[in-house]
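First residue of the sequence shown: 1, per the UniProt record's numbering; consecutive thereafter. A virtual CB, placed ideally from N, CA and C, is assigned to each residue, including glycine.
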Amino acid sequence: MNKDELSYEIKIIHKANEIVLDKKFTKHLVLTDRNLYKEQRAFIDEIVKSYDAFLYVIDAGEESKSLSVLENLLEYAADKIDRYSLIINIGGGVVTDIGGFAASILYRGIKHVNVATSLLAMTDAAIGSKTGIDFCDKKNILGTFYDPYKVFIAIDALETLPKDEYISGFAEVIKHALIHDGELYDLIKNDANIEEILEKSIATKVHFVCEDKNEKGARMALNFGHTFGHVIEASSGFNLAHGTCVAIGMKIALELGKILNITDEETYIRSFDLIHKYYPIEEINYEIKSLKSDKKMMADEINFVFLKNKEALIQKMNERKVVELYNEHIKNKKF
Ligand code: GLY
Numbered sequence: 001m002n003k004d005e006l007s008y009e010i011k012i013i014h015k016a017n018e019i020v021l022d023k024k025f026t027k028h029l030v031l032t033d034r035n036l037y038k039e040q041r042a043f044i045d046e047i048v049k050s051y052d053a054f055l056y057v058i059d060a061g062e063e064s065k066s067l068s069v070l071e072n073l074l075e076y077a078a079d080k081i082d083r084y085s086l087i088i089n090i091g092g093g094v095v096t097d098i099g100g101f102a103a104s105i106l107y108r109g110i111k112h113v114n115v116a117t118s119l120l121a122m123t124d125a126a127i128g129s130k131t132g133i134d135f136c137d138k139k140n141i142l143g144t145f146y147d148p149y150k151v152f153i154a155i156d157a158l159e160t161l162p163k164d165e166y167i168s169g170f171a172e173v174i175k176h177a178l179i180h181d182g183e184l185y186d187l188i189k190n191d192a193n194i195e196e197i198l199e200k201s202i203a204t205k206v207h208f209v210c211e212d213k214n215e216k217g218a219r220m221a222l223n224f225g226h227t228f229g230h231v232i233e234a235s236s237g238f239n240l241a242h243g244t245c246v247a248i249g250m251k252i253a254l255e256l257g258k259i260l261n262i263t264d265e266e267t268y269i270r271s272f273d274l275i276h277k278y279y280p281i282e283e284i285n286y287e288i289k290s291l292k293s294d295k296k297m298m299a300d301e302i303n304f305v306f307l308k309n310k311e312a313l314i315q316k317m318n319e320r321k322v323v324e325l326y327n328e329h330i331k332n333k334k335f
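Listed below in structure tokens is the structure:
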């Protein structure tokens, strides 16, 4: 795994006792969600017991990425742990996002580790230091870039992951295969072992994070499929799974690229081949009026991620023009 340039280690583990910290902390707080605590209770209890940790359990789902859930968590943490303590986030993207955010602001920043148990967190959310919550119906608009102390990929948790969550997480893996990595593309196409696929997918995420941690340039490639994806996800009231929305967003981005003569035919065909392996052809009928992720954002331009020659191409686009193209050429068609 390419992790040399990251300040933290990413380790695939099978058992709770493989979580080794190499450093002493005064206290430990384990954060997880209710569903996972039901499915993986023995695994979580073992970690709680071995670190004599406090346990804080939040509801599963995107609704937990809210100011009120964060406030309750911070209140609990401020009462129980001090500035030399460690927060251990065990879960998917919701837990790693909110737990990482809490760690980044509590006592002006304490250490945290991410123990990723969903495919989405393993390949994306737990790595790359983005933390945050949703606010004013906008996804991830309160947050920080804050490095975890370590990341553990609890790969056996995939065995109890609900199928729809697995499929949702796979959208980010497919995204990595399309924006950068030909080898990963072949592994997915040939139904390789998930551990092998994950290692490659994580290496791709690490590659972009190392190039541009604060997302000023190259890292924007990781937003492929997310411009439309986030808007569709938010307008569903976060009822549609993130990965499902990203998959739809990738389809739209490919169509737009084709319409604008940016995406070449070979890239277009091979990309849809891979997407359709997990996400069937469907009618794209979402009402979209704006792509701006912040109502107060003044700029009319957005950085849109297309594909060209089998990799990502970031291009400034007029936001209104993109919405117009969507409504004129993509909406109500099947892809
Ligand atoms: N999930 C996209 C990123 O970490 O930049």
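Tell me the DSSP secondary structure of A126 in three-state form.
In this structure, A126 counts as coil in the three-state DSSP scheme.
Under 8 angstroms: do the stretch 302-316 and the stretch 273-282 share three or more Cβ pairs, one atom per stretch?
No, they do not touch.
Straight-line Cα distance separating E282 from F43
Distance between the alpha carbons of F43 and E282 is about 39 angstroms.
Separation of K111 from I284, as counted between CA atoms:
In a straight line, the C-alpha of I284 is about 43 angstroms away from that of K111.
Does the distance from the CB of I153 to the CB of I262 come in under 7 angstroms?
Not in contact: I153 and I262 (Cβ atoms no closer than 7 angstroms).
Is it the case that the CB of L6 approaches a heavy atom of the ligand GLY more closely than 6 angstroms?
No, Cβ of L6 sits at least 6 angstroms from all heavy atoms of the ligand GLY.
F30 burial status per 10 Å Cβ neighbour count (16 or more: buried)
Sequence check: residue 30 is Val here, not Phe. So V30 ends up on the buried side.
Hey, would you say the C-beta of G100 is under 6 angstroms away from at least one heavy atom of the ligand GLY?
The answer is no for G100.
Just to check, is the beta-carbon of A130 closer than 6 angstroms to a non-hydrogen atom of the ligand GLY?
According to the sequence shown, residue 130 is Lys rather than Ala. Yes, Cβ of K130 sits closer than 6 angstroms to a heavy atom of the ligand GLY.
Strictly by DSSP, which residues pair up with residue 405?
A query on residue 405 cannot be resolved here, the shown segment of the chain reaching from 1 to 335 and no further.
So is V113 in contact with chain D if we call contact Cβ pairs under 7 angstroms?
Here there is only one protein chain, and chain D is not present.
Got a sec? Which residues, its chain only, sit under 8 angstroms from A78 by beta carbon, not counting five neighbours each side?
Result list for A78: L106, in chain order.
Secondary structure, alpha helix (DSSP H): runs of 4+ residues fully inside the stretch 32-114
Secondary structure within the stretch 32-114: the alpha helix (DSSP H) runs of 4 or more consecutive residues, fully enclosed, are 34-39, 41-50, 67-80 and 93-105 (chain order).
From E71 to I58, what does the alpha carbon distance come to, in whole angstroms?
Cα to Cα, E71 sits roughly 12 angstroms from I58.
Would you say T204 and D186 are within 7 angstroms of each other, going by their C-beta atoms?
It is not a contact, given that the beta carbons lie outside the stated cut-off.
Supposed contact pair I81 and I202 - C-beta distance, whole angstroms, cut 8 angstroms:
Incorrect: roughly 29 angstroms between the Cβ atoms, too far for contact.
Beta-carbon within less than 7 angstroms of T303's beta-carbon, same chain only, minus the 5 sequence neighbours each way: which residues are those?
Before going on, a small fix: residue 303 reads as Asn here, not Thr. M220, I314 and K316, listed in sequence order.
Closest by C-alpha distance to H14, when choosing among E159, G243, N190 and I167
Comparing Cα positions, the closest option is E159.
May I ask whether a heavy atom of the ligand GLY can be found less than 6 angstroms away from the beta carbon of L222?
Correct: L222 has its Cβ closer than 6 angstroms to the ligand GLY.
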